[in-house]
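Visitor: Residue numbering for the sequence shown follows the numbering used here, beginning at 7 and increasing consecutively.
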Amino acid sequence: MWGAELVTDTGTGRQIPVTAITVAAITAVAFWSLKPIFITEIGDRGDYAEVYIASASISVVTSAVVSLFLWRKVVALARGGRRTLSGILSASASGFFLALWYYGFYRALYGADKADATVIAFTWPLIAVVVTPLIARNAAAKLQGYQWLLVLASFGGAVAIGVSGLGHNGGPTGESGEIVWAFVAAIGSGLYLPFAINATNAFNHSVRSQPIATFFAISVANVVALAGVLLSLRLNHHTLRFYAFDREVLVICALIGIGTYLVAEVTWTWAFREYKSLTLSSLPYFSPAVSVVLLHVLFNEPVRPIAALGLVIILFSNLTLHARQRSANAVSLTLIASVYVALGSQLLPDSIEGPTAEMAAAMTGVFAILAGFILSRVAGRRTEELDARTRLVRAMMAADTSDDHEEPDWFLRNLLELEFERSADVREDRALAIVDRVRTAVASPDARREVLDAFAEWRAIHMDRLSVGEWAALWITGLGSILTVLLLRGPSFLGNVGAVAFAAGAFLVMFTIYDYDRNNIHGFKNQLWRLEQGFREIGKPYYVPTEVLSSGDVNSLRLPGTVRTSVDGDYDATREVEVTPTARTFTVFYLSTAALAIVAVMLLPFASAGGYGDRNVFAPRPGSSAESELFVRDGSLPTITIADPGWPAASVIAQILRHVVETPQVRVKVQSMDQVGAVAALTGNKPSVQIHPDLWLQNQSDSFRSQIDTGKIMLNNSSYRGGQGIYILDKKGQAPLTSVTDLADKATASRFDTDGDGKAEIWAGPRGWESTKLLDKWIGAQKDLRIEGESYSETIFRAYLKREAGKRPLLFYAYEPDWLHEQYSPRLLTADPFKRTGCTTGYQDECGADVDVHVAWTRTLQKISPIAFARLSRVHFGIDEVNEFVYAVDRRKKTPDEVARDWIATHRSEFQEWQHP
Numbered sequence: 007m008w009g010a011e012l013v014t015d016t017g018t019g020r021q022i023p024v025t026a027i028t029v030a031a032i033t034a035v036a037f038w039s040l041k042p043i044f045i046t047e048i049g050d051r052g053d054y055a056e057v058y059i060a061s062a063s064i065s066v067v068t069s070a071v072v073s074l075f076l077w078r079k080v081v082a083l084a085r086g087g088r089r090t091l092s093g094i095l096s097a098s099a100s101g102f103f104l105a106l107w108y109y110g111f112y113r114a115l116y117g118a119d120k121a122d123a124t125v126i127a128f129t130w131p132l133i134a135v136v137v138t139p140l141i142a143r144n145a146a147a148k149l150q151g152y153q154w155l156l157v158l159a160s161f162g163g164a165v166a167i168g169v170s171g172l173g174h175n176g177g178p179t180g181e182s183g184e185i186v187w188a189f190v191a192a193i194g195s196g197l198y199l200p201f202a203i204n205a206t207n208a209f210n211h212s213v214r215s216q217p218i219a220t221f222f223a224i225s226v227a228n229v230v231a232l233a234g235v236l237l238s239l240r241l242n243h244h245t246l247r248f249y250a251f252d253r254e255v256l257v258i259c260a261l262i263g264i265g266t267y268l269v270a271e272v273t274w275t276w277a278f279r280e281y282k283s284l285t286l287s288s289l290p291y292f293s294p295a296v297s298v299v300l301l302h303v304l305f306n307e308p309v310r311p312i313a314a315l316g317l318v319i320i321l322f323s324n325l326t327l328h329a330r331q332r333s334a335n336a337v338s339l340t341l342i343a344s345v346y347v348a349l350g351s352q353l354l355p356d357s358i359e360g361p362t363a364e365m366a367a368a369m370t371g372v373f374a375i376l377a378g379f380i381l382s383r384v385a386g387r388r389t390e391e392l393d394a395r396t397r398l399v400r401a402m403m404a405a406d407t408s409d410d411h412e413e414p415d416w417f418l419r420n421l422l423e424l425e426f427e428r429s430a431d432v433r434e435d436r437a438l439a440i441v442d443r444v445r446t447a448v449a450s451p452d453a454r455r456e457v458l459d460a461f462a463e464w465r466a467i468h469m470d471r472l473s474v475g476e477w478a479a480l481w482i483t484g485l486g487s488i489l490t491v492l493l494l495r496g497p498s499f500l501g502n503v504g505a506v507a508f509a510a511g512a513f514l515v516m517f518t519i520y521d522y523d524r525n526n527i528h529g530f531k532n533q534l535w536r537l538e539q540g541f542r543e544i545g546k547p548y549y550v551p552t553e554v555l556s557s558g559d560v561n562s563l564r565l566p567g568t569v570r571t572s573v574d575g576d577y578d579a580t581r582e583v584e585v586t587p588t589a590r591t592f593t594v595f596y597l598s599t600a601a602l603a604i605v606a607v608m609l610l611p612f613a614s615a616g617g618y619g620d621r622n623v624f625a626p627r628p629g630s631s632a633e634s635e636l637f638v639r640d641g642s643l644p645t646i647t648i649a650d651p652g653w654p655a656a657s658v659i660a661q662i663l664r665h666v667v668e669t670p671q672v673r674v675k676v677q678s679m680d681q682v683g684a685v686a687a688l689t690g691n692k693p694s695v696q697i698h699p700d701l702w703l704q705n706q707s708d709s710f711r712s713q714i715d716t717g718k719i720m721l722n723n724s725s726y727r728g729g730q731g732i733y734i735l736d737k738k739g740q741a742p743l744t745s746v747t748d749l750a751d752k753a754t755a756s757r758f759d760t761d762g763d764g765k766a767e768i769w770a771g772p773r774g775w776e777s778t779k780l781l782d783k784w785i786g787a788q789k790d791l792r793i794e795g796e797s798y799s800e801t802i803f804r805a806y807l808k809r810e811a812g813k814r815p816l817l818f819y820a821y822e823p824d825w826l827h828e829q830y831s832p833r834l835l836t837a838d839p840f841k842r843t844g845c846t847t848g849y850q851d852e853c854g855a856d857v858d859v860h861v862a863w864t865r866t867l868q869k870i871s872p873i874a875f876a877r878l879s880r881v882h883f884g885i886d887e888v889n890e891f892v893y894a895v896d897r898r899k900k901t902p903d904e905v906a907r908d909w910i911a912t913h914r915s916e917f918q919e920w921q922h923p
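(1) Using only the alpha-carbon positions, how far apart do Asp763 and Ile64 sit?
(2) Bridge partners for Leu721 per DSSP, in chain order?
(3) Helix, strand or coil: how does DSSP classify Ala579 here?
(4) Thinking Gln696 and Trp863 are a contact (beta carbons under 8 Å), I'd like their distance in whole angstroms, please.
(5) Could you tell me if Lys899 is buried or exposed, where buried requires 16 or more neighbouring beta carbons within 10 angstroms of its beta carbon?
(6) Does the beta-carbon distance from His665 to Ala911 come in below 8 Å?
(7) Distance, Cα to Cα, Arg773 vs Ser797?
(8) Roughly how many angstroms separate the alpha carbons of Val491 and Ala505, rounded to a whole number?
(9) How many whole angstroms separate the CB atoms of Leu749 and Arg792, which I take to be in contact at a CB cut-off of 8 Å?
(10) With DSSP collapsed to three states, give me the class of Tyr548.
(11) Go to Tyr249, then tell me how far its alpha helix (DSSP H) extends in each direction, as first and last residue.
(12) Under 8 Å between the Cβ atoms of Asp523 and Leu472?
(13) Can Ile768 be considered in contact with the ligand COA, in the sense that its beta carbon sits closer than 7 Å to one or more heavy atoms?
(14) Report yes or no: do three or more beta-carbon pairs, one from the region 215–234 and one from the region 98–117, lie closer than 8 Å?
(15) Here's the rule: buried if 16 or more other CB atoms are within 10 angstroms of the residue's CB, otherwise exposed. What is Gly812?
(16) Starting from Trp909, trace the alpha helix (DSSP H) both ways and give me its first and last residue.
(17) Put Asp650 into one of helix, strand or coil per three-state DSSP.
(18) Would you tell me roughly how many angstroms separate the C-alpha atoms of Arg914 and Trp920, rounded to the nearest one?
(19) Is the Cβ-Cβ distance between Leu83 and Phe209 less than 8 Å?
(20) What residue from Asp406, Ala478 and Gly496 has the CA that sits closest to Asp356's CA?
(21) Can you give the Cα-Cα distance for Gln868 and Thr669, rounded to whole angstroms?
(22) Taking buried to mean at least 16 other C-beta atoms within 10 Å of its own C-beta, is Lys779 buried or exposed?
(23) Which two residues bound the contiguous beta strand (DSSP E) that contains His957?
(24) Using 8 Å for Cβ pairs, my map puts Asn242 next to Ala142. What's the rounded Cβ distance?
(25) Looking only at its own chain, which residues have a Cβ that is under 7 Å from the Cβ of Thr647, when we skip the five neighbours before and after it?
(26) In terms of residue numbering, what span does the alpha helix (DSSP H) encompassing Arg419 cover?
(27) Less than 8 Å between the CB atoms is what I'm expecting for Val550 and Val573, so what's the real figure, rounded?
(28) Closest to Ala460 by CA distance: which of Arg400, Arg433, Val432 and Leu500 is it?
(29) Under DSSP, the beta strand (DSSP E) around Ala820 begins and ends at which residues?
(30) In three-state terms, what does DSSP make of Trp775?
(31) Are the beta-carbon atoms belonging to Thr754 and Leu743 less than 8 Å from one another?
(32) Taking C-alpha atoms, which residue in Val71, Asp700, Phe44 and Thr689 lies nearest to Ile662?
(33) Whole-angstrom Cβ separation of Asn722 and Ser879, contact assumed at under 8 Å?
(34) Just to confirm, is the Cβ distance from Tyr733 to Leu807 under 8 Å?
(35) What three-state label does DSSP hand Val448 in the structure shown?
(36) From the DSSP secondary-structure annotation, give me the bridge partner or partners of Ala766.
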């Protein structure tokens with residue numbers, strides 16, 4: 007049990023339960039996983055800059071308070087001289103990249119799909135794996151060839167997610183590149199880590215405690231990061247708007263600042279350093295998966311198939327790289343290769359005609375014969391080498407006449423080092439040293455000759471390897487067989503499975519041959535017991551070569567608790583090292599993730615097929631663009647799904663429509679989703695949404711219009727008119743503005759200027775709204791006017807409007823229907839931005855300030871419920887009614903369902919006429 011297992015604290019020498027370390031590690035991972043959840047909970051009450059500044063400020067203040075309690079450690083740091091200065095410089099560099107991580111991650115979470123942003127940002131361990139050996143040289147080993155392939159493939163998956171999501175959160179034109187900030191975040195976090203390690207090591211010389219040194223390193227980094235972001239925001243004239251912050255937001259920011267910025271980093275570093283468990287240290291790689299699951303379950307955030315696939319691939323690659331040499335055996339390498347063959351199968355065509363079948367038969371036949379021959383040869387050579395090594399050890403033991411057995415011990419240790427040495431020159435020097443030592447140490451000529459002959463025989467077999475030609479023939483025929491089988495696999499799921507299974511078998515054969523040919527310790531773990539044979543007989547502690555010990559793989563070989571190894575490359579001196587046997591938990595994690603990765607790749611085409619229809623859909627108001635998930639029908643009755651895009655009018659109308667179309671024969675549910683997801687699910691080949699309650703027609707794409715023309719999408723007979731434009735609110739009459747052209751005047755523009763740049767500020771709407779894009783484009787084209795657009799959430803703007811409405815004149819985008827007009831009575835200044843020919847939406851000839859708003863439904867609804875299909879055409883709402891809906895939800899704080907029930911109660915005859923004309 008964990009509670010009974012103890013480890014020694016490296017700083018104090020006290021015994022610590024493994025349970026405490028595990029809880030500390032899980033606490034850290036929990037805070038990392040919850041960060042996207044915290045951001046989602048804050049929602050549009052704060053923007054990315056405000057949330058970061060608030061959280062970072064709380065973190066810095068907390069660090070200052072904690073430092074007061076650690077004043078003795080602070081004094082020790084102050085006396086640390088050059089080491090402390092070096093640590094501060096490293097922590098400052100870490101802080102610069104930490105700023106990129108936090109700022110970039112928050113901005114991506116606010117501007118792109120949260121699942122996509124989370125998956126991409128958590129490629130940071132891959133970046134850290136690459137740069138850490140270069141910056142913190144003693145902290146990690148350099149990558150091997152196949153590991154670089156993992157890094158590149160994972161980055162390829164992240165780029166695929168990013169490219170597929172470019173622009174689809176800010177409209178389909180690709181003008182929104184907010185997902186790019188997720189890559190910036192990943193780069194920042196990956197580069198922050200090695201500098202933080204250097205700072206921690208430097209501070210540890212003074213404070214003599216890894217957790218406290220980590221605390222100081224991260225605290226300095228947080229201060230630098232906060233200062234850097236504040237400076238950047240000021241240089242870019244970015245105004246911080248905390249108008250909508252409330253107590254809940256401040257509490258969440260405190261959790262982020264204290265929990266994520268401090269507690270998570272410090273507890274994780276402490277846990278990992280005190281108990282170097284492969285399973286424990288792999289936990290951070292699961293945090294994006296936990297985040298994505300929680301986002302989906304708690305907030306119904308859409309998770310696209312490409313994001314799910316990328317998540318699994320990145321997780322698998324992280325675990326593989328984390329395992330290092332542990333993954334360098336035939337089975338693990340086959341898993342890696344199979345995952346990427348499955349990926350490649352999605353890019354290759356299938357069912358290729360022509361001579362491919364004959365080529366596959368010939369190629370696989372040659373490969374089978376060649377692989378069988380080579381496998382037999384290398385397996386036999388390995389057996390011969392082990393037998394020769396046994397004879398060599400026996401000869402050396404027989405030649406030893408001493409009581410302390412120092413000579414055979416030296417011989418066996420150097421023989422092991424020779425076997426695992428990578429450098430050919432060093433191997434040659436070591437072999438000569440062994441020969442010279444035998445000649446001087448073994449007195450008997452016969453015994454000396456027998457040892458030297460046995461050594462020469464063993465070394466001749468040991469040096470025998472497959473030729474370049476044999477390897478080339480094996481890999482050419484093997485890869486050729488895999489490629490031709492993939493081209494013949496056919497479009498079915500079983501065809502894909504069969505092709506990948508064949509590839510796995512072929513790779514397993516080739517990598518097994520490699521294990522045999524190289525006497526790979528990672529392929530034959532029990533081999534190390536054979537190599538320790540002589541030490542048991544002479545009563546010496548086991549010896550593990552430096553190369554094997556540094557790989558970390560020795561922990562899984564079930565050796566005794568203490569083994570010997572060389573001292574800093576001096577093979578004549580030894581030191582004892584404690585080896586802690588590891589559980590098989592990580593192996594289960596790793597193999598499960600590999601299987602999950604392969605299944606995800608195999609199922610991707612089927613998860614994507616018949617999905618969302620055209621993604622080229624605009625979000626009219628409010629909400630951001632994101633592709634919908636596939637909503638699955640459940641229950642025994644047919645289900646009608648009504649989309650709720652999230653703004654008050656749509657939410658209330660959706661609830662009214664639920665009562666309109668409900669019958670004993672169908673089940674009706676209202677599903678919350680964003681606008682683009684709603685329209686995409688409505689227009690897909692297999693629509694998962696049947697009804698859209700509040701569709702702003704002129705803000706839809708040409709492809710959507712074509713579906714109306716072909717009758718795939720139906721509209722109710724009567725629409726209401728929605729309006730939009732630039733409005734002015736000037737209750738005190740401070741700015742006599744009659745036309746937008748008046749803003750060319752410096753004095754007039756200054757009335758609406760708060761940052762001192764001489765330009766009138768116009769709230770253009772939240773990022774992601776189509777109207778915001780149009781207004782930004784119009785503002786950019788007005789070279790003669792002193793104006794600039796500002797984009798932030800509607801919640802923040804409404805809080806700002808409430809605070810400033812009676813104090814100063816304001817310019818802002820607004821739409822109708824909206825309670826704002828009844829509450830403040832703003833005046834329409836111009837609708838020009840939405841009338842210009844530069845409008846990029848569908849219905850080019852009708853694109854203007856006024857929009858027709860309809861109830862829309864798919865023709866497939868007729869198959870589910872002909873009654874509901876007929877009822878919807880008679881539904882209609884007036885602009886005054888919709889204004890009442892909005893006001894009741896936004897100002898009276900009623901739920902959409904309450905407003906819907908009230909409306910039905912007061913419009914009973916109209917409601918019944920829709921149901922039974």
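Ideal placement from N, C-alpha and C gives every residue a C-beta, glycine not left out.
Guide: To lay it out plainly:
(1) Rounded to whole angstroms, Asp763 to Ile64 spans 30 Å at the Cα level.
(2) Ala862
(3) strand
(4) 6 Å
(5) exposed
(6) no
(7) 6 Å
(8) 6 Å
(9) 6 Å between Cβ atoms; contact.
(10) coil
(11) It is not in any alpha helix (DSSP H) - Tyr249 carries neither H nor E in the DSSP assignment.
(12) yes
(13) Because no ligand of any kind appears in the structure shown, any question about the ligand COA cannot be addressed here.
(14) yes
(15) Looking at its Cβ environment, which holds fewer than 16 other Cβ atoms inside 10 Å, Gly812 is exposed.
(16) Pro902 to Thr912
(17) strand
(18) In a straight line, the C-alpha of Arg914 is about 10 Å away from that of Trp920.
(19) yes
(20) Gly496
(21) 14 Å
(22) buried
(23) Residue 957 lies beyond the range of the chain shown here (7 to 923); nothing can be said about it.
(24) Asn242 to Ala142, Cβ: 32 Å. No contact.
(25) Phe637, Lys675, Gln677, Ser694, Val695 and Gln696
(26) Glu412 to Phe426
(27) For a cut-off of 8 Å, the C-beta gap from Val550 to Val573 is around 13 Å, too long to register as a contact.
(28) Arg400
(29) Residues Leu816 to Glu822.
(30) coil
(31) yes
(32) Asp700
(33) 6 Å
(34) no
(35) Residue state, collapsed to three classes: coil.
(36) According to DSSP, which records beta bridges pairwise, Ala766 is partnered with Ile793.
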